[in-house]
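Chemist: To convert, note that position 48 of the sequence shown is 52 in the numbering used here; the numbers rise steadily by one, no gaps.
First the structure, which I've put down as structure tokens, then a few questions once you've had a look.
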Amino acid sequence: MFREIREEDREIYYDFVDKFYHTDAVNAPVPTINYETTFNEIMRSDTYVKGYIFEYEGTACGFALLSKTFSQEAGGLSVTIEEIYIEPAYRGKGLGTAFFTFIKKEIPAMRFRLEVEDYNVGAKRLYERMGFEMLPYLQMVIDKQRQHES
Numbered sequence: 005m006f007r008e009i010r011e012e013d014r015e016i017y018y019d020f021v022d023k024f025y026h027t028d029a030v031n032a033p034v035p036t037i038n039y040e041t042t043f044n045e046i047m048r049s050d051t052y053v054k055g056y057i058f059e060y061e062g063t064a065c066g067f068a069l070l071s072k073t074f075s076q077e078a079g080g081l082s083v084t085i086e087e088i089y090i091e092p093a094y095r096g097k098g099l100g101t102a103f104f105t106f107i108k109k110e111i112p113a114m115r116f117r118l119e120v121e122d123y124n125v126g127a128k129r130l131y132e133r134m135g136f137e138m139l140p141y142l143q144m145v146i147d148k149q150r151q152h153e154s
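And the structure:
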């Protein structure tokens with residue numbers, strides 16, 4: 005159902021990322037150079053980022069991207085599901101559920117995090133079913149890439 009990204013997945017990864025960043029699940033597209041930077045980091049090491057390709061009956065149909073940090077608050081490894089995208093025709097086939105079950109079992113993290121847009125009802129329903137809870141606070145960010153655009 006899913007596997008680690010390999011070098012030969014570069015173009016399909018770029019395609020899925022581009023589709024993801026042009027959906028209403030995100031606030032704004034990112035520069036395409038970021039796709040390459042991220043893919044190269046996935047190929048270099050899984051210290052900070054790990055990528056997966058979703059497959060259904062032998063057909064690539066999506067991807068997930070995880071990043072890792074250490075959290076004193078959580079008491080250890082914290083994994084953020086940065087991105088998860090499944091082609092519309094393959095949604096509802098258990099891929100998301102299987103992926104979350106896998107990472108919760110196989111990755112020794114003390115915390116898993118993700119972001120979801122409020123109107124993404126289907127995704128929120130899946131995440132809540134998998135045990136995710138809404139946080140009672142806002143997150144803030146300094147995004148150097150966007151600062152240079154202004």
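Backbone N, C-alpha and C define an ideal beta-carbon position, used for all residues, glycine too.
As the structure is a prediction and not an experimental result, all values here were calculated from the model.
#1: What's the gap between the Cα of G62 and the Cα of Y17?
#2: Could you check the C-alpha separation between L142 and R117 for me, to the nearest Å?
#3: Identify, in the order they occur along the chain, each residue of the same chain with its Cβ nearer than 7 Å to the Cβ of F43, setting aside the five sequence neighbours on each side.
#4: Of the residues V120, F136, L99, G135, which one's Cα is nearest the Cα of C65?
#5: Less than 8 Å between the beta carbons of F106 and F58, yes or no?
#6: Do M47 and E86 have their C-beta atoms within less than 8 Å of each other?
#7: In angstroms with no decimal places, state the Cα-to-Cα distance between G55 and V21.
#8: If you draw a straight line from the C-alpha of A29 to the C-alpha of G79, how long is it?
#9: V145: buried (16+ other C-beta within 10 angstroms of its C-beta) or exposed?
#10: Indicate whether Y89 and F67 have their beta-carbon atoms separated by less than 8 Å.
#11: Please identify the residue among N38, F103, P112, P92 whose C-alpha is closest to the C-alpha of F74.
#12: What do you reckon, are the CB atoms on T84 and M134 nearer than 8 Å?
#13: Let me know the beta strand (DSSP E) ranges lying completely inside the region 76-110, each 3 residues or longer, listed in chain order.
#14: Considering only their Cβ atoms, is the gap separating K97 from Y60 smaller than 8 Å?
#15: Which residues does DSSP list as the beta-bridge partners of S71?
Modeler: Looking at the atomic coordinates:
#1: Taking the first residue of the sequence shown as 1, we reach residue 62 at position 58. Taking the first residue of the sequence shown as 1, we reach residue 17 at position 13. Going from the Cα of G62 to the Cα of Y17 covers about 16 Å.
#2: What you label residue 142 is simply residue 138 of the sequence shown in a count that begins at 1. What you label residue 117 is simply residue 113 of the sequence shown in a count that begins at 1. Linking L142 to R117 through their CA atoms gives a straight-line distance of about 14 Å.
#3: In the sequence shown, counting from the first residue as 1, residue 43 sits at position 39. Counting only residues of its own chain and dropping the five nearest sequence neighbours on each side, F43 has a CB closer than 7 Å to the CB of R14, Y17.
#4: Numbered from its first residue, the sequence shown carries residue 65 at position 61. In terms of Cα proximity to C65, the closest of V120, F136, L99, G135 is L99.
#5: Here residue 106 corresponds to residue number 102 of the sequence shown, with the count starting at 1. Here residue 58 corresponds to residue number 54 of the sequence shown, with the count starting at 1. Contact: no.
#6: What you label residue 47 is simply residue 43 of the sequence shown in a count that begins at 1. What you label residue 86 is simply residue 82 of the sequence shown in a count that begins at 1. Contact annotation: M47 and E86 have beta-carbon atoms that are not nearer than 8 Å.
#7: Position 51 of the sequence shown holds residue 55. Position 17 of the sequence shown holds residue 21. Between G55 and V21, the alpha-carbon positions lie close to 11 Å from each other.
#8: Translated into positions along the sequence shown, residue 29 becomes position 25. Translated into positions along the sequence shown, residue 79 becomes position 75. Rounded to whole angstroms, A29 to G79 spans 30 Å at the Cα level.
#9: Position 141 of the sequence shown, counting from 1, holds the residue named residue 145. By the neighbour-count rule (16 or more Cβ atoms within 10 Å), V145 is not buried but exposed.
#10: As a working note, residue 89 is residue 85 in the sequence shown. As a working note, residue 67 is residue 63 in the sequence shown. In contact: Y89 and F67 (Cβ atoms closer than 8 Å).
#11: Counting from 1 along the sequence shown, the entry for residue 74 is found at position 70. Looking at N38, F103, P112, P92, the one whose alpha-carbon comes closest to that of F74 is P112.
#12: Looking up residue 84 in the sequence shown gives position 80. Looking up residue 134 in the sequence shown gives position 130. Against a cut-off of 8 Å, the Cβ pair of M134 and T84 comes out as no contact.
#13: For the region 76-110, whole beta strand (DSSP E) runs of length 3 or above, ordered along the chain, are 80-90.
#14: As a position in the sequence shown, residue 60 is number 56, starting the count at 1. As a position in the sequence shown, residue 97 is number 93, starting the count at 1. Cβ atoms of Y60 and K97: closer than 8 Å.
#15: Locating residue 71 in the sequence shown gives position 67, where the first residue counts as 1. As computed with DSSP, S71 is found in a beta bridge with V53, T84.
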